[in-house]
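One structure is given here, and the rest of the page talks about it.
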Amino acid sequence: MSVSVSGPDILVVSELTRCIIRLGNQIWHFQGSGRISDLGERPDSDFSSVNCSEIPMEMAPSAPRTRAVAALRMKQIALDNQGRMIRCLRAQLAGERRGLATMKKELEDTQVALEASHKVITGLTEIGLSMSKKIEKMKAKKQKAKENHVVCHQKFQARIHEAEDSMQAQHLIVEALVEEKDSLLQTIQGLQEANNAPAPFDDEWEEDRKNNRKKKRLRIFLWRGRDR
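If you use numbering that gives the first Met the number 0, the sequence shown closes out at 227, no skipped numbers anywhere.
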């Protein structure tokens, strides 16, 4: 796994590289002169555990190299720690990215569900509006039919009253004519009796009079039945 290094780290690495090259040259120089041949048998040849008090006087010039190696190791440890921290942060970032991807997918699914719900609600709203319009039209038709029925009923009642008034007037006329006929027949009969003349129409007159009375009673009965 590659580790990204910032600008200051690059400077540190380049400085360490120069130190390592310089230390390598010095070690090669001292090995050539045989002044550190006795240190080749020590297991800790990188001078990390060498105490300054153990160094003989002739090895005094190697003290700066020991400090440089220690500083180099500390910087290497710091770089390793930074690398581990970077890897950890990258792992956390990858986990967060996966979580964000999951959340994005859930949000997309939720958005799709919301759009579907919105379409359903829109369809139901349109159906409700259409049904409301149909109900309003049906109410208007019903109200109009009711008004027409009331008007027709009023017209029919007016015609019935007109017919009843006409029949009543005709009935009164018929009664007046019958009474006039009766009075005329009585006048004729009186004149015939005064002249001692026979009454040729006595039987017919009596029969007509009885029939007229029956008709009159029938008309009165029928008229009273209608009034009820």
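Even glycine gets a Cβ: it sits at the ideal position worked out from N, Cα and C.
Tell me, to the nearest whole angstrom, how far the beta carbon of residue i is from that of residue j; I am working on the premise that it is less than 8 Å.
i	j	result
L78	I19	About 14 Å separates the two Cβ atoms, so there is no contact after all.
How about residue i: is its C-beta nearer than 8 Å to some C-beta of chain B?
i	result
Q188	Any reference to chain B falls outside this structure, which holds one protein chain only.
Taking the alpha carbon of residue i as the reference point, which residue from the options has its own alpha carbon closest?
i	options	result
V68	T16, N80 and K143	T16
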